[in-house]
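Asks: Dropping a structure here in structure tokens format, bear with me for questions.
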Amino acid sequence: MAIRRILIANRGEIALRIHRAAHEMGIETVAVHSTADVDAMHVRLADHAVCIGPPPATESYLNVANIISAAEVAHCDAVHPGYGFLSENAKFAEIVEAHDIKWIGPKPEHIRTMGDKVAAKQTAGELGLPLVPGSDGAVSDYDEARKVAAGIGYPVIIKAASGGGGRGMKVCEAEDQLETLMQQAGSEAKAAFGDATVYIEKYLGDPRHIEFQVFGDGNGNAIHLGERDCSLQRRHQKVLEEAPSPVLTPDERNRMGMICADAMQKMGYRGAGTIEFLWEDGEFYFIEMNTRLQVEHPVTEAITGVDLVREQIRIADGKPLSVEQDEIAFIGHAIECRINAEDPFTFAPSPGEVTYYHAAGGMHVRVDSGLYAGYRIPPYYDSMIAKLIVYGRTREGCIMRLRRALEEMVVEGVKTSIPLHQELLRQNDVLSGDYSIKWLEEWLKEREG
Ligand code: ADP
-19 MAIRRILIAN RGEIALRIHR AAHEMGIETV AVHSTADVDA MHVRLADHAV
31 CIGPPPATES YLNVANIISA AEVAHCDAVH PGYGFLSENA KFAEIVEAHD
81 IKWIGPKPEH IRTMGDKVAA KQTAGELGLP LVPGSDGAVS DYDEARKVAA
131 GIGYPVIIKA ASGGGGRGMK VCEAEDQLET LMQQAGSEAK AAFGDATVYI
181 EKYLGDPRHI EFQVFGDGNG NAIHLGERDC SLQRRHQKVL EEAPSPVLTP
231 DERNRMGMIC ADAMQKMGYR GAGTIEFLWE DGEFYFIEMN TRLQVEHPVT
281 EAITGVDLVR EQIRIADGKP LSVEQDEIAF IGHAIECRIN AEDPFTFAPS
331 PGEVTYYHAA GGMHVRVDSG LYAGYRIPPY YDSMIAKLIV YGRTREGCIM
381 RLRRALEEMV VEGVKTSIPL HQELLRQNDV LSGDYSIKWL EEWLKEREG
């Protein structure tokens, strides 16, 4: 039976994003919320709402038993997990499906494989994706590690198999540090992820982060929707994303996109996914695959005109993809600014009451946010409060419009990263698209003086 009511297992702007796609398809929504989010916009707009626990995410948005009970009590026939929280938890996906509720996401076995970085890398290699040279799987033996590192050449990076969020990584410049750094990486990984397994890769000096959006119907049909350049990062957190990447030619996009789509076809992948690469001197190197919708998905929507959440829901409902590869064209340019409630200089979080709010508007301006005047930003969750996504026919036009839109945005009562974005959009390297994943941190260091 077709999906009629979706439980949205998330909060904030992404919960709203899913609600909007569902309502446009005539599907009802059920919001879940912690006691800290009673007054949140995602709760106000949903057709029904269920409280699932106290403020800490471990007791609410990560509370599987309470979320499943909410889905049952509210008679939901599907669950959309959004991003973060339980979105890449294979066990949760299995539990949802075991309750005869549709999981709006990839097959649990694919979530599991891609969630283990060693298994993911091996699978990616088998599927024909280009890899960063490195150890063949996990390394525990120091002699073997020395051989691998000598083979690929220093510097190398030691990474935790269960790592995530940029944690559990050590750059090693020379052989005499290898053993110590492997021990450190292993014990940090054990403490953070309960798993000391590490592997070794060549450390790329100055790459860009370029990721491809893919979609599969679970039956062997798959497409790609081009790339996003997310090189502007602070502490491995993306700050501003754009599509297309300023450095790829249409030929390179098509070639790499087809490699990704073919890989997903072979895998029988279902739903939305993102294949992340580092890119240096014209070469792509797979780093990981995210088996969910990404924060930055709207830039892809802007240049392709495809509603990615609608596609996710359709696929979970057993329908085919609504577009074929040759119907997808990449037109114009889009940039997303992540707006956080934080000090634009120290990056200290700035939760509290929003006393005044005015969203930017006008042609080709999209604001995804649950903000309103009088809303209290709770201190318990991620500090991202809005995404400003701007489209233009050209990159220059997009940047001019983005500057204009940032001037219009007003958020009072809390500090935000709006001034940081305004400053970034005055930097020559950003204007010319000449930046790597190191650029932002280096610029911030200079700014500090
Ligand atoms: P996580 O899952 O923790 O986010 P990733 O493998 O995606 O880990 O890597 C996170 C970031 O670490 C990358 O975006 C990049 O900035 C850096 N990184 C990872 N692997 C390498 C590498 N081989 N060389 C240089 N930088 C790397």
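For reference, each letter of the sequence shown is one residue, going -19 to 429 in the numbering used here. Yeah, the Cβ is synthetic: ideal placement off N, Cα and C, and Gly gets one too. Keep in mind the model is a prediction, meaning the values are calculated, not measured.
My guess is that A118 and Y41 are in contact by the Cβ rule of under 8 Å, so how many angstroms apart are they, rounded?
Replies: Position 138 of the sequence shown, counted from the first residue, corresponds to residue 118. Position 61 of the sequence shown, counted from the first residue, corresponds to residue 41. About 32 Å separates the two Cβ atoms, so there is no contact after all.
Asks: Looking only at its own chain, which residues have a Cβ that is under 6 Å from the Cβ of Y122, when we skip the five neighbours before and after it?
Replies: On the sequence shown, position 142 is the one that residue 122 refers to. Excluding residues within five positions, the ones whose Cβ falls inside 6 Å are E159.
Asks: Excluding the 5 residues preceding and the 5 following H79 in the sequence, name in chain order all residues of the same chain whose CB lies nearer than 8 Å to its CB.
Replies: Numbered from its first residue, the sequence shown carries residue 79 at position 99. Cβ within range, chain order: I48, A51 and E52.
Asks: Judging by CA-CA distance, which residue of G146, P135, G143 and E422 is the nearest neighbour of Q156?
Replies: Residue 156 sits at position 176 when you count from the first residue of the sequence shown. In the sequence as displayed, the identity of residue 156 is Asp instead of Gln. Ranking the options by Cα distance to D156, first place goes to P135.
Asks: State whether the segment 54 to 64 contacts the segment 75 to 94, with contact taken as three or more CB pairs (one from each stretch) at a distance under 8 Å.
Replies: Touching, yes.
Asks: Taking L424 as part of the alpha helix (DSSP H), name the residues at either end of that continuous run.
Replies: Mapped onto the sequence shown, residue 424 falls at position 444. W419 to E428 is the span of the alpha helix (DSSP H), which, as asked, contains L424.
Asks: Please indicate yes or no: does the CB of P110 lie closer than 8 Å to some heavy atom of the ligand ADP?
Replies: The count along the sequence shown starts at 1 and reaches residue 110 at position 130. False, no ligand heavy atom lies under 8 Å from that Cβ.
Asks: Since D197 sits in a beta bridge, which residues does DSSP pair it with?
Replies: As a working note, residue 197 is residue 217 in the sequence shown. Per DSSP, R250.
Asks: Are the segment 205 to 213 and the segment 271 to 286 touching by the rule of at least three beta carbon pairs closer than 8 Å?
Replies: Output reads yes: the segment 271 to 286 touches the segment 205 to 213.
Asks: Can you look up L301 in the DSSP assignment and give me helix, strand or coil?
Replies: Counting from one through the sequence shown, the residue named residue 301 turns up at place 321. Coil.
Asks: Where does Q245 fall in DSSP's three states?
Replies: As a position in the sequence shown, residue 245 is number 265, starting the count at 1. Helix, per DSSP.
Asks: Applying the 10 Å Cβ sphere with the 16-neighbour rule, what's the burial state of I311?
Replies: Taking the sequence shown and counting its residues from 1, one reaches residue 311 at position 331. Its Cβ having fewer than 16 others within 10 Å, I311 is exposed.
Asks: Using only alpha-carbon positions, find the residue among V18, M162, L420 and A241 that is nearest to L109.
Replies: Locating residue 109 in the sequence shown gives position 129, where the first residue counts as 1. The option with the nearest alpha carbon to L109 is A241.
Asks: Is L161 a contact residue of the ligand COA, with contact defined as CB to any heavy atom under 8 Å?
Replies: The model depicted lacks the ligand COA and carries the ligand ADP instead.
Asks: Pull the bridge partners of H28 from the DSSP assignment, please.
Replies: For the purposes of this step, residue 28 is taken as residue 48 along the sequence shown, with counting starting at 1. In the DSSP output, where bridge partners are listed per residue, H28 has V10.
Asks: Quick check: what's the CA-CA separation for T284 versus G166?
Replies: Translated into positions along the sequence shown, residue 284 becomes position 304. Translated into positions along the sequence shown, residue 166 becomes position 186. So the alpha carbons of these two residues sit roughly 42 Å apart.
Asks: Report the option in I308, T15 and R(-9) whose CA atom is closest to the CA atom of A26.
Replies: As a first step, residue 26 is located in the sequence shown; it is residue number 46 there, counting from the start. It is R(-9) whose Cα lies nearest to the Cα of A26.
Asks: With H, G and I counted as helix, E and B as strand and the rest as coil, what does DSSP make of K182?
Replies: Against the sequence shown, residue 182 aligns to sequence position 202. Three-state DSSP puts K182 in a strand.
Asks: Kindly list the residues whose CB is nearer than 8 Å to the CB of G354, restricted to its own chain and excluding five residues on each side of it in sequence; keep chain order.
Replies: Within the sequence shown, numbered from 1, the residue matching residue 354 stands at position 374. Within the same chain, G354 has close Cβ partners E333, V334 and T335.
Asks: Taking 8 Å as the cut-off, does the CB of Q213 come closer than this to any heavy atom belonging to the ligand ADP?
Replies: Translated into the one-based positions of the sequence shown, residue 213 becomes position 233. Yes, the Cβ of Q213 comes within 8 Å of a heavy atom of the ligand ADP.
Asks: In three-state DSSP terms, what is H60?
Replies: Locating residue 60 in the sequence shown gives position 80, counting from the first residue. H60: strand per DSSP, three-state reduction.
Asks: Specify the secondary structure class of S363 as computed by DSSP and reduced to three states.
Replies: Translated into positions along the sequence shown, residue 363 becomes position 383. Reduced to three states, the DSSP call for S363 is coil.
Asks: Is it right to say P230 is buried, meaning 16 or more other beta carbons lie within 10 angstroms of its own, or is it exposed?
Replies: Start at 1 with the first residue of the sequence shown, and residue 230 comes out as number 250. The residue is exposed, with fewer than 16 neighbouring Cβ atoms inside 10 Å.
Asks: What number of angstroms, rounded off, separates the C-alpha of S14 from the C-alpha of Y361?
Replies: To locate residue 14, count along the sequence shown from 1; it is residue 34. To locate residue 361, count along the sequence shown from 1; it is residue 381. About 11 Å.
Asks: Since A321 contacts M389 with CB under 8 Å, what's their CB separation in whole angstroms?
Replies: Locating residue 321 in the sequence shown gives position 341, counting from the first residue. Locating residue 389 in the sequence shown gives position 409, counting from the first residue. Going by Cβ atoms, the distance from A321 to M389 rounds to 13 Å, so no, they are not a contact pair.
Asks: With H, G and I counted as helix, E and B as strand and the rest as coil, what does DSSP make of F257?
Replies: The count along the sequence shown starts at 1 and reaches residue 257 at position 277. Note: F257 maps to strand in three-state DSSP.
Asks: Can at least three beta-carbon pairs, one atom from the segment 371 to 391 and one from the segment 294 to 314, be found at a separation below 8 Å?
Replies: Taking 8 Å as the limit for Cβ pairs, the verdict is that the segment 294 to 314 does touch the segment 371 to 391.
Asks: Under the criterion of a Cβ to heavy atom distance below 8 Å, does I137 qualify as lining the ligand ADP?
Replies: Numbered from its first residue, the sequence shown carries residue 137 at position 157. Yes.
Asks: What is the DSSP secondary structure of R272, reduced to helix, strand or coil?
Replies: Here residue 272 refers to the residue found at position 292 when the sequence shown is read from its first residue. In this structure, R272 counts as coil in the three-state DSSP scheme.
Asks: For L420, I'd like the list of residues in its chain whose CB is within less than 7 Å of its CB, leaving aside the five on either flank, ordered along the chain.
Replies: The residue you call residue 420 lines up with position 440 of the sequence shown. Excluding positions up to five away in sequence, the list reads L212, Q213, R214 and V219.
Asks: Let me know the secondary structure DSSP gives E77 once reduced to three states.
Replies: The sequence position of residue 77 within the sequence shown is 97, counting from 1. Note: E77 maps to helix in three-state DSSP.
Asks: Quick one: is the Cβ of L386 within less than 8 Å of any heavy atom of the ligand ADP?
Replies: The count along the sequence shown starts at 1 and reaches residue 386 at position 406. False, no ligand heavy atom lies under 8 Å from that Cβ.
Asks: Suppose you measure from the CA of M21 to the CA of H(-1); what does that come to, to the nearest Å?
Replies: For this step, residue 21 is matched to residue 41 along the sequence shown. For this step, residue -1 is matched to residue 19 along the sequence shown. Taking the straight line from one Cα to the other gives about 11 Å.
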